[in-house]
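Take any residue in the sequence shown, count from 1 to its spot, add 51: that is its number in this note's numbering. Backbone N, C-alpha and C fix where the C-beta goes; we use that ideal spot for every residue, glycine too.
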Amino acid sequence: MSASTMHAGERPIDAALVRRLLAAQFPRWAGLPIERFASSGTVNALFRLGDDLAVRLPRIAGGAGDVEREHHWLPRLAPALPVPIPAVLGRGAPGDGFPWPWTVHRWLDGENPREGRVARPGALAADLAEFIVALRRIEPADGPPAYRGGPLREVDEETRTAIGLLRGSAGAIDTDAATAAWEEALAAPGWDGPPVWVHSDLMPGNLLVADGRLSAVIDFGTAGVGDPACDLIPAWNLLPASVRKDFRAALGVDDATWARGRGWALSMALIQLPYYRETNPAMAANARHVIDQVLCQRNA
């Protein structure tokens with residue numbers, strides 16, 4: 052992989068390609084200014100198109116299926132949610148050597164929040180809880196399985212492999228404590244309620260804020276129905292410890308669900324840290340933050 056890529060098999064994507072695709076498939080937009088948008092996203096490349104549009108192209112084959120999922124489900128989810136989510140205005144086809152479908156979305160204003168720099172933590176915690184509760188209340192019938200909607204044990208092997216990669220590495224974490232925390236999460240009772248709608252990837256990069264309040268949620272490629280625990284991850288990847296109890300209370304989750312949510316946050320971070328350490332500094336920094344938060348809470 053080159054320094055500018057994050058994954059094996061990643062396609063080269065630039066503004067010239069985007070313009071050619073637009074000219075061939077959406078000529079009404081082809082003359083608008085195109086600018087690559089800096090993002091910590093790992094699955095899609097994002098370009099701002101004029102003032103009001105965004106073009107989103109999968110970096111890897113694994114992201115291609117997200118196009119159909121979002122095209123089908125976003126219009127059904129949007130009316131029930133308290134903040135805007137992406138609206139697909141154009142669904143592009145493979146072309147000009149680019150092998151996967153892609154989309155043109157409505158541009159959503161806001162900026163990604165940063166761990167340790169949350170301006171209004173109490174308000175943001177309340178906004179996130181309101182979004183998660185609203186999503187859960189959507190009728191789950193016919194919803195696809197969420198990417199992280201199953202039991203934690205499904206990622207046990209990958210999580211332990213990541214711990215092994217981190218053991219003894221430069222700037223290493225306390226891998227013994229991480230292993231113990233992971234095993235505690237695995238020991239939590241599983242979800243025995245009905246499946247509910249979850250986003251399942253509420254990372255800071257998929258949230259937009261304005262004036263410290265949640266203004267939009269993006270990237271629904273992993274959304275679906277399953278265990279609600281996976282949507283608790285902002286408690287460790289973004290919100291400070293001072294509002295964690297308020298966030299939990301607003302969601303009304305029991306001890307087992309909270310433990311599984313902490314386990315999802317830890318697993319994601321452990322896997323992300325060695326994978327993105329050299330290629331995505333923002334993602335790696337957030338992963339280290341999550342690990343620190345989980346282990347500090349465990350030792351408190």
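message: So, for G201: in the same chain, excluding its five sequence neighbours on each side, which residues have a beta-carbon less than 8 Å away from its beta-carbon?
response: G277 and D278
- request: Note down the Cα distance separating P78 from L97, rounded to an integer number of angstroms.
  value: 19 Å
- request: State yes or no: is the C-beta of L186 within less than 8 Å of the C-beta of V155?
  value: no
- prompt: Hey, how far is the Cα of E166 from the Cα of A307?
  reply: 25 Å
field: Boundaries of the beta strand (DSSP E) in which L258 is found, first to last residue
entry: L258 to A261
message: Spatial neighbours of R295 within its chain, please: C-beta separation below 6 Å, excluding the five flanking residues on both sides.
response: A286
message: Between which two residues does the alpha helix (DSSP H) holding E234 run?
response: T226 to L237
query: According to the neighbour-count rule (16 or more other Cβ atoms, all chains shown, within 10 Å of its Cβ), is G114 buried or exposed?
result: buried
query: Taking just the CA atoms, how far does D270 sit from F88?
result: 15 Å
task: Write down every uninterrupted run of the beta strand (DSSP E) in the segment 70-139 whose length is 3 residues or greater and which is fully enclosed by it, in chain order.
output: 85-87, 95-100 and 104-109
- prompt: Anyone know if the C-beta pair for T273 and Y198 falls short of 8 Å?
  reply: yes
field: Candidates P332, P246, I85 and D282, of which the one nearest A310 by Cα
entry: D282
query: What are the start and end residues of the alpha helix (DSSP H) that includes S266?
result: Not the alpha helix (DSSP H): S266 falls in the beta strand (DSSP E), residues R264 to V268.
field: For G314, the first and last residue of its enclosing alpha helix (DSSP H)
entry: D306 to Y327
message: Taking 6 Å as the limit between beta carbons, can you name the residues of its chain near N163, skipping five residues before and five after?
response: P255 and G256
task: Take every Cβ of the segment 68-78, pair it with every Cβ of the segment 138-156, and state whether three or more of those distances are shorter than 8 Å.
output: yes
query: When DSSP labels each residue in this structure, what does H340 get in the three-state scheme?
result: helix
- prompt: Nearest to L100 by CA position, among V118, A81 and S90, is which residue?
  reply: A81
- prompt: Do you know how far the Cα of A59 is from the Cα of I111?
  reply: 8 Å
field: the segment 176-190 / the segment 241-251 touching (three or more Cβ pairs under 8 Å)
entry: yes
message: Could you give the first and the last residue of the continuous beta strand (DSSP E) run that contains R165?
response: Premise fails: R165 is in no beta strand (DSSP E) and is neither H nor E.
- prompt: What are the start and end residues of the beta strand (DSSP E) that includes V249?
  reply: V247 to V249
query: What beta strand (DSSP E) runs, 3 residues minimum, are completely inside the segment 275-302?
result: 275-277
- request: Leaving aside the five residues before and after I64 along the sequence, list all residues of the same chain whose C-beta is less than 6 Å from its C-beta, in chain order.
  value: A96 and L108
task: Pair every Cβ in the segment 233-242 with every Cβ in the segment 257-269, then say whether three or more of these pairs are closer than 8 Å.
output: no
task: Sort D147, P137, L128 and I136 by Cα distance to L68 and report the nearest one.
output: D147
- request: Return the chain-ordered list of same chain residues with a C-beta closer than 7 Å to the C-beta of A20, the five sequence neighbours on each side being excluded.
  value: Nothing about residue 20 can be read from this structure; the chain reaches only from 52 to 351.
- prompt: In or out: D117 buried (at least 16 other Cβ within 10 Å) or exposed?
  reply: buried
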